[in-house]
Amino acid sequence: MVVGATAVAVLFGGMLVRDGLIGAQPPPPDAAPAPSHRVTLTPDSPALDPSAPRRLRIPSISVDAAFTELGLDVRGELETPPSEQANLVGWYRDGAAPGADGTAVVVGHADDRHGPGVLYRLGLLRPGLAIAVTRADRRTATFTVDEVRSYPKSAFPSEEVYGTTGRAELRVITCGGHYDRKNGYDSNTVVYAHLTSSSAAT
Numbered sequence: 001m002v003v004g005a006t007a008v009a010v011l012f013g014g015m016l017v018r019d020g021l022i023g024a025q026p027p028p029p030d031a032a033p034a035p036s037h038r039v040t041l042t043p044d045s046p047a048l049d050p051s052a053p054r055r056l057r058i059p060s061i062s063v064d065a066a067f068t069e070l071g072l073d074v075r076g077e078l079e080t081p082p083s084e085q086a087n088l089v090g091w092y093r094d095g096a097a098p099g100a101d102g103t104a105v106v107v108g109h110a111d112d113r114h115g116p117g118v119l120y121r122l123g124l125l126r127p128g129l130a131i132a133v134t135r136a137d138r139r140t141a142t143f144t145v146d147e148v149r150s151y152p153k154s155a156f157p158s159e160e161v162y163g164t165t166g167r168a169e170l171r172v173i174t175c176g177g178h179y180d181r182k183n184g185y186d187s188n189t190v191v192y193a194h195l196t197s198s199s200a201a202t
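Read in order, the letters of the sequence shown correspond to residues 1 to 202 in the UniProt record's numbering.
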């Protein structure tokens, strides 16, 4: 990604949901061996020029959400989308833009004290499904899911998740695993996807 992985190495150590739970944990991804993503891959579609994202659509899990820009807080951790705005995802603005060369990072809440969050069902995604990002330049970048993984926050593989591969990629991340009121969730669900097409937004 544009900013080195170390800049956000601790970003999910305590993020996304600590403020209460609805009683049911978000669905986990299928268990599968974790392949390495630290290789150079051939792009399926040419990378786009950088442009801020405006809307995230994942039809298979009924996500249609607006974006907000996120930076790092005083501790060097990624800020979180406002929890009071349920249908909102965040984009790390100092990293790659979705569709541009590099690894773009998108995050959202799994749930809060009021109910499921925008990415509650993220773990249900499967390889081959589509993710669409509408951008400020009125282009829609369409990504194809490569895999969905769950990582303990205590052993989050930053280089694996954020490392560059020579093409436009996307990571969509939320909380998962076991929850307790003191420490929040103990894991993160990470969707790996790559750019496969782009078109003029309709």
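Where is the CB? At the ideal position from N, CA and C, for every residue including glycine.
The structure displayed is predicted, hence computed values, not measured ones.
According to DSSP, which residues form a beta bridge with residue i?
{"i": "TYR192", "result": "GLU147 and ARG171"}
{"i": "ILE131", "result": "PHE143"}
{"i": "SER197", "result": "THR142"}
{"i": "ALA65", "result": "LEU56"}
{"i": "ASP111", "result": "PRO116"}
{"i": "LEU70", "result": "TYR92"}
Is the separation between the beta-carbon of residue i and that of residue j shorter than 8 Å?
{"i": "ARG139", "j": "SER198", "result": "yes"}
{"i": "LEU124", "j": "ILE61", "result": "yes"}
{"i": "GLY176", "j": "PRO50", "result": "no"}
{"i": "VAL190", "j": "TYR151", "result": "yes"}
With a threshold of 6 Å on Cβ separation, who are the neighbours of residue i within its own chain once the five nearest residues in sequence on each side are excluded?
{"i": "HIS178", "result": "ASP186"}
{"i": "VAL106", "result": "VAL89, TRP91 and VAL172"}
{"i": "ILE131", "result": "ILE58, PHE143 and ALA193"}
{"i": "TYR120", "result": "PRO26, ALA110 and ASP111"}
Tell me which residues share the same chain as residue i and place their Cβ nearer than 8 Å to its Cβ, disregarding the 5 neighbours each side in the sequence.
{"i": "ASN87", "result": "ASP64, ALA65, ALA66 and VAL118"}
{"i": "ASP30", "result": "ARG126 and VAL148"}
{"i": "GLY128", "result": "THR144 and VAL145"}
{"i": "ALA136", "result": "SER51, ALA52, PRO53 and ARG54"}
For residue i, collect the residues of the same chain with a Cβ closer than 7 Å to its Cβ; drop the 5 residues on either side in sequence, then sort them by chain order.
{"i": "ARG93", "result": "GLU69, LEU70 and GLY71"}
{"i": "ALA201", "result": "THR134, ARG138, ARG139 and THR140"}
Nearest-angstrom Cα distance between residue i and residue j?
{"i": "PRO147", "j": "ARG181", "result": "The question names Pro, but residue 147 in the sequence shown is Glu. Cα to Cα, the separation comes out at about 29 Å."}
{"i": "ALA110", "j": "GLY163", "result": "24 Å"}
{"i": "LEU170", "j": "VAL145", "result": "9 Å"}
{"i": "ASP112", "j": "GLU84", "result": "9 Å"}
{"i": "PHE156", "j": "PRO28", "result": "16 Å"}
{"i": "THR103", "j": "VAL161", "result": "9 Å"}
{"i": "PRO116", "j": "LEU122", "result": "11 Å"}
{"i": "ASP73", "j": "ASN183", "result": "19 Å"}
Looking at residue i and the ligand ATP, is the gap between the Cβ and the nearest heavy atom below 7 Å?
{"i": "GLY163", "result": "No copy of the ligand ATP occurs in the structure displayed, which carries no ligand at all."}
The stretch 87 to 107 touching the stretch 60 to 74, judged by at least three CB pairs closer than 8 Å: They touch, by the three-pair rule.
The stretch 45 to 58 touching the stretch 72 to 88, judged by at least three CB pairs closer than 8 Å: Touching, no, given that fewer than three Cβ pairs across the two stretches are closer than 8 Å.
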